[in-house]
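Input: a single structure, listed below in structure tokens.
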Amino acid sequence: MLDLVITGVTTPHHSDPINVSVRDGSIVAIGRGPAGPARETIDGRGCCLLPPFVDAHFHLDSVLTRIPNASGTLREGIDNWAAYKKASLSAEDVYARAKAYCEQAFAMGIQAIRSHVDVCDPALRGAEGLLELRRELDGKMDIQLVAFPQDGYYGGPDVNAQLHRALDMGVDVVGGIPHNEPTYGHGTESLRELLELAADRGLLADIHCDETDDPHSRHVETLAAQTVRLGLQGRVSASHITSTAVMDPYYLSRRLIPLMAAAQLSVIVNPLINVHLGGHFSHPMHRAMAPIRDFMDAGLTIACGQDCIEDPWYPLGYAEMFEVLKMAAHTGHMMGLDALRAMLDTITVNPARIMGLTDYGLETGRRAHLVLLDAPTWFDAMRTNARRVAVIRGGEVYRPGRSAE
Ligand code: FE2
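Numbering (our numbering), first residue to last: 4 to 408.
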């Protein structure tokens with residue numbers, strides 16, 4: 004007896020309807036053959052089934068703060084967040100907002116989030132609140148935390164120690180922000196130290212890198228070189244890298260991209276935020292989006308992250324990863340059918356690979372973490388931001404708006 008059968012669905016790999024069988028929380032069969040008797044059957048005709056959405060770049064500590072940002076600049080966002088940290092932040096506050104968002108995200112089919120957590124607070128209230136939430140959601144949602152020195156690794160005398168302490172507490176990944184260090188040289192040095200730290204501790208690294216309109220902000224070059232020097236190929240992510248949108252084309256294509264490919268850097272772009280915060284200081288105003296097609300052609304793993312929702316950097320958003328993907332597809336001229344299919348991977352399998360989620364995917368033998376969408380194909384689901392009919396976690400069926408069945 005099976006536990007669950009989902010009948011008559013399409014998937015990104017099956018344009019004709021198939022059945023998916025689940026036993027003991029794992030997928031045991033995918034195919035056209037008749038499924039055996041099951042404790043529960045979902046009639047999936049007219050629906051498509053995907054592996055869950057994965058958001059590889061988010062900030063759970065600032066989510067839902069609703070702090071305004073009148074200028075719409077990165078600088079005002081950082082300054083307003085600093086003021087909030089000083090006046091209002093508590094571990095309980097972070098926990099409550101992040102929990103509310105995770106519930107919203109789960110209902111939208113997101114089952115894994117990599118969240119940066121600001122470690123520039125001496126009390127590490129963000130890390131405390133998010134570690135508590137990660138414990139509570141263990142098994143229900145994959146939460147990975149990045150020790151992120153928002154105000155700079157050299158932004159205060161104790162940030163170094165605080166970042167180490169956050170890792171000691173259980174934060175998973177080493178973060179950084181070289182373009183926000185006091186000088187360019189400090190940015191370079193921060194990358195050496197932070198990647199050595201990742202190598203010493205056997206951790207992944209994810210760096211907010213070159214999130215600026217300055218075409219001469221080339222920290223990603225150092226990030227790639229340090230990755231190769233330390234043997235961290237395939238373990239380091241470059242987040243944002245919006246400066247690549249305005250770099251000299253010769254440098255980008257002939258020097259930087261080959262370096263990034265040699266380092267097997269993954270790239271996490273954050274289209275909604277990048278388009279909104281970037282380009283202010285150029286004329287004509289550019290799109291502030293990394294050239295994802297060029298990166299894909301070079302074999303780099305690309306993911307699209309939501310980054311922020313209702314916080315000092317971005318006032319909108321509702322955990323709709325299709326919305327995130329589509330901004331990148333528009334600005335990156337990724338509208339061919341093959342290109343859109345590749346974009347689907349930027350919110351599913353690619354970020355899962357970046358996060359190292361080993362038991363992920365719509366494949367026999369994997370855990371039955373799935374999302375069922377009210378659209379006949381993956382393309383229509385993307386086109387219409389299709390309603391989530393069911394979110395399935397380890398074979399347990401949740402219907403958004405209802406409790407577990
Ligand atoms: Fe970010």
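By construction, the Cβ of each residue, glycine as well, lies at the ideal position given by its N, Cα and C atoms. Here the structure is a predicted model, which means the values were calculated and not measured.
The C-beta of residue 287 has fewer than 16 other C-beta atoms within 10 Å across all chains shown, which makes the residue exposed. In this structure, the alpha-carbon of residue 120 lies about 35 Å from that of residue 383.
Measuring C-alpha to C-alpha distances from residue 175 to each of 158, 161, 150 and 181 identifies 150 as the nearest. Listed in chain order, the non-local C-beta contacts of residue 356 below 7 Å within the same chain comprise 304, local neighbours out to five positions each way being set aside. One Cα belongs to residue 64, the other to residue 48, and the distance between them is close to 39 Å.
Spanning the alpha carbons of residue 117 and residue 368 requires a straight line of approximately 24 Å. Here residue 166 carries a helix assignment [DSSP, helix/strand/coil].
Three or more Cβ pairs closer than 8 Å define a contact, and the stretch 311-327 falls short of that threshold against the stretch 251-268. Using a Cβ-Cβ distance cut-off of 8 Å, the stretch 269-284 and the stretch 292-299 are in contact, since at least three pairs of beta carbons, one from each stretch, lie closer than that value. A contact between stretches requires three or more CB pairs, one per stretch, nearer than 8 Å, and the stretch 139-146 fails this requirement with the stretch 81-90.
Distances taken from the Cβ of residue 310 to the heavy atoms of the ligand FE2 include one shorter than 6 Å. Measuring C-alpha to C-alpha distances from residue 102 to each of 88, 112 and 137 identifies 137 as the nearest. By the CB criterion at 7 Å, residue 69 and residue 313 fall inside the cutoff.
Short of 6 Å from the beta carbon of residue 325, and not among the five residues preceding or following it, lie these beta carbons of its own chain, in chain order: 385 and 388.
For residue 104, the closest of 77, 133, 122 and 274 by C-alpha to C-alpha distance is 133.
With respect to the C-alpha of residue 122, the residue from 213, 55 and 177 having the closest C-alpha is 177.
One Cα belongs to residue 157, the other to residue 202, and the distance between them is close to 20 Å. According to the DSSP assignment, residue 236 belongs to no alpha helix (DSSP H), since it is labelled neither H nor E.
In the three-state DSSP reduction, residue 86 falls in the helix class (H, G or I). For residue 17, the uninterrupted beta strand (DSSP E) segment begins and ends at 17-26. A direct Cα-to-Cα measurement between residue 236 and residue 25 gives close to 36 Å.
Residue 186 is classed as exposed because its beta carbon has fewer than 16 other beta carbons within 10 Å across all chains shown. Burial state of residue 222 is buried, judged by a 10 Å Cβ sphere holding 16 or more other Cβ atoms. Each of 55, 8, 67 and 52 was checked against the Cα of residue 45, and the nearest Cα belongs to 8. With contacts defined as CB atoms closer than 7 Å, residue 22 and residue 41 fail to qualify as a contacting pair. Between the alpha carbons of residue 97 and residue 128 lies a gap of roughly 8 Å. Looking from the CA of residue 53, the closest CA among 145, 392 and 206 belongs to 392. Non-local C-beta neighbours of residue 338 in its own chain, meaning closer than 7 Å and more than five positions away in sequence, comprise 332, ordered along the chain. Our two residues, residue 191 and residue 4, have alpha carbons roughly 59 Å apart in a direct line.
Residue 399 has 396 as its beta-bridge partners, per DSSP.
Under the three-state reduction of DSSP output, residue 284 falls in the coil class, being neither helix nor strand.
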